[in-house]
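S.K.: Please read through the structure below; I'll follow up with questions.
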Amino acid sequence: MIKINLENTFEAIYVSPNFDQYIFESQLKNNTLIQLKVKFTNIADSLLPNVYNLAFGPFDDTGKINDSINLKHKDSNKVFSTIIFLKDNPHAAIGIDGSDDLRANLYHRMFRYNYKDLQDFIVIIGVDWYVRLLRNGSIELDDDGSAFFKPKPEPFDFHRKSHDLYRYYMFNLNQ
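Numbering (my numbering), first residue to last: -5 to 169.
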């Protein structure tokens, strides 16, 4: 399991002026050195204000982040400690959504495993989505006539099992 240590992080080799992107290098188990990019994007959702989605991974052929590749890092603990370090973004909540169930399960287990060490530093939030059932028995619809899914953030339930994953995970500094 990944053990997060906010005192043991990689040094960034590039940081954007507004701190929404940075690049660092990580050594893989096969001793290859790879550049990883971290990007924070405001999700611009009035129901989840000031939440920035975190994307990270190596560059693909077009220079975009490939967040679906499975890499074997020599020090995964250090990689994950680096990407969640919020000192340059203390006002923001960071959101992560595994690109598949395997990654979502990894994030879920990582938060459960590291809770005691992280609780003084960050607040962890699980988010499920729901559709409101109206009094007339129909469901709430959006402007396009589709089901209107709303986020339902809640304090992370550390007893919640991996078969009942949240749809989205958020965390911010414990201030």
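C-beta atoms are modelled at their ideal positions from N, C-alpha and C, and glycine is treated no differently. Quick caveat: nothing in here was measured; it's all calculated off a predicted structure.
Under 8 Å by Cβ, that's how I've got Gly131 and Glu148 pegged, so tell me the actual separation to the nearest angstrom.
M.R.: Position 137 of the sequence shown, counted from the start, is the residue given in the question as residue 131. Position 154 of the sequence shown, counted from the start, is the residue given in the question as residue 148. Not a contact, Cβ separation roughly 26 Å.
S.K.: Measuring CB to CB, does Lys66 end up less than 7 Å from Lys23?
M.R.: In the sequence shown, residue 66 corresponds to position 72, counting from 1. In the sequence shown, residue 23 corresponds to position 29, counting from 1. Yes.
S.K.: Under 8 Å: do the segment 98 to 109 and the segment 52 to 69 share three or more Cβ pairs, one atom per stretch?
M.R.: no
S.K.: Count the other CB atoms, across all protein chains shown, that sit within 10 Å of the CB of Leu48; report buried if there are 16 or more and exposed otherwise.
M.R.: The sequence position of residue 48 within the sequence shown is 54, counting from 1. Buried, since its Cβ has 16 or more Cβ neighbours within 10 Å.
S.K.: Whose C-beta lies closer than 7 Å to the C-beta of Ala6 among residues of the same chain, with five residues either side of it excluded?
M.R.: In the sequence shown, the residue the question calls residue 6 occupies position 12. Contacts found: Tyr16, Ile17, Phe18.
S.K.: What is the rounded straight-line gap between the Cα of Gly139 and the Cα of Asn64?
M.R.: Sequence index remark: in the sequence shown, residue 139 carries index 145 (1-based). Sequence index remark: in the sequence shown, residue 64 carries index 70 (1-based). Looking at the two C-alpha atoms, the distance is approximately 38 Å.
S.K.: I need the straight-line Cα distance from Ile(-4) to Ala87, nearest angstrom please.
M.R.: If you number the sequence shown from 1, residue -4 lands on position 2. If you number the sequence shown from 1, residue 87 lands on position 93. Their backbone Cα atoms lie some 21 Å apart in a straight line.
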